[in-house]
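These notes concern the structure reproduced below.
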Amino acid sequence: MDLLSATDWLRHRPGYTYPLAVALVGLTFLLRVAAGDDLSGFPFLSFLPAVLLASFVGGAGPGLLAAMLAGALVQQFFVEPHDAFWPVSAVQWIGLATFLINAVIIVSLMEMIIVAHGRQSRLRSELNSFNARLEETVAQRTAELRHEMEENAAAQAQVRQLQKMETIGQLTGGVAHDFNNMLAIIIGNLDLAQRRMTGHEDPRLLNSLQNARDGAQRAAVLTARLLAFSRQQPLAPEVIDVNKLVGGMSELLRRTLGEHIRIETVLAGGLWPTFADLSQLENAMLNLAVNARDAMPGGGHLTVETANTELDERYSRMHSEVEAGQYVMISMTDTGTGMSPEVIDRAFDPFYTTKGPGKGTGLGLSQVYGYIKQSGGHIKIYSEIDRGTTVKIYLPRHVGKADARLAAAGAQPIPQGSVNDTILVVEDDEHVRTMTAESLHELGYTVLQAASGVEALLLLEGNPEVDLIFTDIVMPQMSGRQLADAVQEKWPGIRILYTTGYTRNAIVHNGVLDHGVSLLAKPFSLEQLAHKIRELLNVPVSSGGEGTGSRA
């Protein structure tokens, strides 16, 4: 193969190989003539080496030329009679044919060897090229990995903190159901105690009950916030007056941020309503406020502003994920240390944080970003080093009438029930079940109780007049969703209201409550229970057989 490689240059030059083939045949002819009588018989065999050499250095073309030229010379000068160009006998024809066949075989074999050599040379060249590219890629990737290792080393503390958060989240989720059950019992019984008072008791007793109820409500809020940190909350959108939201959060922000942060609100007149999850929006604003506080360790000024705004087509083209239209804007501006352009570009990346070890997981802004995007909105950061930061949240404008109950539920009297409305309470916790049943009795409803889904189905067989089932979701043997599916199949006119202290995927998908599902999260007050029950009973059952009657 080395010899073939050495003659590759010659095979690609036909101007040399064909004359060389003729020269080889001529040299063989001269040697044969010089040998004279010393080399007699089988004259064709003398020319086969010339054919072999010609095909070796030139390929098939020069080899066949050498074979034809050699056959003509042998027939003309070495076969009797010498003056005959063509064979004159069968033996001569056989001899010439045998020579030509052997010459063709030699040329073919040599051509296959040359072709195989060429293929091997190309493969070797491609392999060398591939190896060169591979070495270059390896060197480039090695440099990238070295850079990534340096970044990963800086992120190890964040990963460990995240693992701690996940562990806390699993623990919180495991105990949340029972904890919220206990809070439901406390709040429910306090509501019943306040409702059953005659008005002649010691005012100090009333104050004590109210203080206890306020404390239980704060505990419920704390539980909800812990769950928000430990897992994604399902979105239950509603019409929101952002000005009222910001005004109501001002005191909470002041207590959270501390006295060294001065808070100012600038509320726009005629602000449009928006449609979003209220609790998640509160959490997002609180998260941004805490980030602003951390950027002002020596104190500063936080301004919360609302406005109507329109993001036009030009802005939409500059931000491909934004749909042009009208938005309600919430702006939070601090006078802190600010962010560099590099930090702004990565601010919403998960696990990215500029805080010191142990002071942040890098998940806060990514959670806010995910919630805003899930709500169809947009979020933008504007910042300068040592000049402060502005974070603007854009939520789509809601067009239509707001729900009157949402706007004025707190001012309405507690709606009363009727003994003609029968409610089946399904709850595996005996104390919660008893408290819920007493609350519904107090509201005037006819109440049945079941400790499990199986027991509820047996009760329904004998009491088909049930109007609504108020069921826990997380129960042994049969979940609330499984119970509801069985009920809807056999008694489609019965409405379903779920309750839980720990929402799972039974009624939540893609982070949003399933369509047509009503949920009253634990712990709930007597007022919340009364409004929710009345809301469902006042909605006609759909003809499609869905008995939830919900606008949740």
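So for the sequence shown, this note's numbering puts the first residue at 21; every next one is plus one. Just so you know, even glycine gets a beta-carbon here, dropped at the ideal spot from N, CA and C.
Hey, could you find the ends of the beta strand (DSSP E) residue i is sitting in?
i: residue 349; result: 345-354
i: residue 490; result: 488-492
i: residue 515; result: 515-520
i: residue 65; result: No beta strand (DSSP E) holds residue 65; DSSP gives it neither H nor E.
i: residue 400; result: 398-404
i: residue 408; result: 408-416
i: residue 466; result: 466-470
i: residue 445; result: 442-446
How should residue i be labelled, buried or exposed, when 16 other C-beta atoms within 10 angstroms of its C-beta is the threshold for buried?
i: residue 268; result: exposed
i: residue 350; result: buried
i: residue 234; result: exposed
i: residue 174; result: Model confidence at residue 174 stands at a pLDDT of 44, short of 50, so the residue's coordinates are unreliable and nothing is read from them.
i: residue 230; result: exposed
i: residue 424; result: Below a pLDDT of 50, predicted positions are generally treated as unreliable, and residue 424, at 32, falls in that range; the measurement from the model is reported next regardless. When all chains shown are included, residue 424 counts as exposed.
i: residue 482; result: exposed
i: residue 97; result: exposed
i: residue 467; result: buried
i: residue 552; result: buried
i: residue 315; result: buried
i: residue 222; result: exposed
i: residue 76; result: buried
i: residue 292; result: buried
i: residue 154; result: exposed
i: residue 367; result: buried
i: residue 428; result: Note that residue 428 scores 38 on pLDDT, short of 50, meaning its location in the model is unreliable and no value can be drawn from it.
i: residue 453; result: buried
i: residue 501; result: buried
i: residue 302; result: buried
i: residue 490; result: buried
i: residue 53; result: exposed
i: residue 385; result: buried
Considering only C-alpha positions, which residue in the set the options is nearest to residue i?
i: residue 133; options: 228, 28 and 460; result: 28
i: residue 470; options: 259, 401 and 456; result: 456
i: residue 86; options: 482, 157 and 39; result: 39
i: residue 463; options: 550, 280 and 76; result: 550
i: residue 360; options: 340, 319 and 402; result: 402
i: residue 88; options: 119, 280, 63 and 449; result: 119
i: residue 48; options: 490, 91, 344 and 302; result: 91
i: residue 208; options: 461, 154, 280 and 479; result: 461
i: residue 284; options: 154, 325, 135 and 294; result: 325
i: residue 341; options: 558, 397 and 388; result: 397
i: residue 306; options: 330, 265, 335 and 317; result: 265
i: residue 332; options: 55, 450 and 345; result: 345
i: residue 511; options: 279, 484 and 501; result: 484
i: residue 113; options: 125, 220, 124 and 99; result: 99
i: residue 236; options: 558, 559, 554 and 543; result: 543
i: residue 438; options: 65, 486 and 139; result: 486
i: residue 435; options: 445, 459 and 418; result: 459
i: residue 41; options: 84, 282 and 228; result: 84
i: residue 509; options: 157, 480, 338 and 213; result: 480
i: residue 256; options: 355, 295, 224 and 125; result: 295
i: residue 274; options: 126, 263, 298 and 313; result: 313
Contact check, residue i vs residue j under 8 Å by CB: the rounded distance?
i: residue 308; j: residue 411; result: 5 Å
i: residue 541; j: residue 503; result: About 18 Å; that fails the 8 Å criterion.
i: residue 492; j: residue 448; result: 7 Å
i: residue 516; j: residue 545; result: About 21 Å separates the two Cβ atoms, so there is no contact after all.
i: residue 82; j: residue 70; result: Residue 82 to residue 70, Cβ: 10 Å. No contact.
So the alpha helix (DSSP H) residue i belongs to, where does it begin and stop?
i: residue 82; result: 80-97
i: residue 462; result: 450-463
i: residue 55; result: 34-55
i: residue 361; result: 361-366
i: residue 434; result: Segment: none, residue 434 is in no alpha helix (DSSP H) and carries neither H nor E.
i: residue 504; result: 500-510
i: residue 256; result: Looking at the DSSP string, residue 256 is not in any alpha helix (DSSP H), and its letter there is neither H nor E.
i: residue 31; result: 28-31
i: residue 559; result: Looking at the DSSP string, residue 559 is not in any alpha helix (DSSP H), and its letter there is neither H nor E.
i: residue 278; result: Counting along the chain, residue 278 falls outside any alpha helix (DSSP H), and DSSP gives it neither H nor E.
i: residue 482; result: 473-482
Report yes if the C-beta of residue i is less than 6 Å from at least one heavy atom of the ligand FMN; otherwise report no.
i: residue 271; result: Absence of the ligand FMN is noted for the structure shown, with no ligands found whatsoever.
Tell me, please, whether the CB atom of residue i is closer than 7 Å to any CB atom in chain D?
i: residue 45; result: No chain D appears in this structure, which consists of one protein chain only.
Q. Fully enclosed by the segment 283-347, which beta strand (DSSP E) runs are 3 residues long or longer?
A. As summarised for the segment 283-347, the continuous beta strand (DSSP E) elements at least 3 residues long and confined to that stretch are 294-296 and 320-331, given in chain order.
Q.
To test your reading of the DSSP string, which unbroken alpha helix (DSSP H) runs of 4 or more residues are found completely within the segment 109-169?
A. The qualifying runs do not exist here; there are none.
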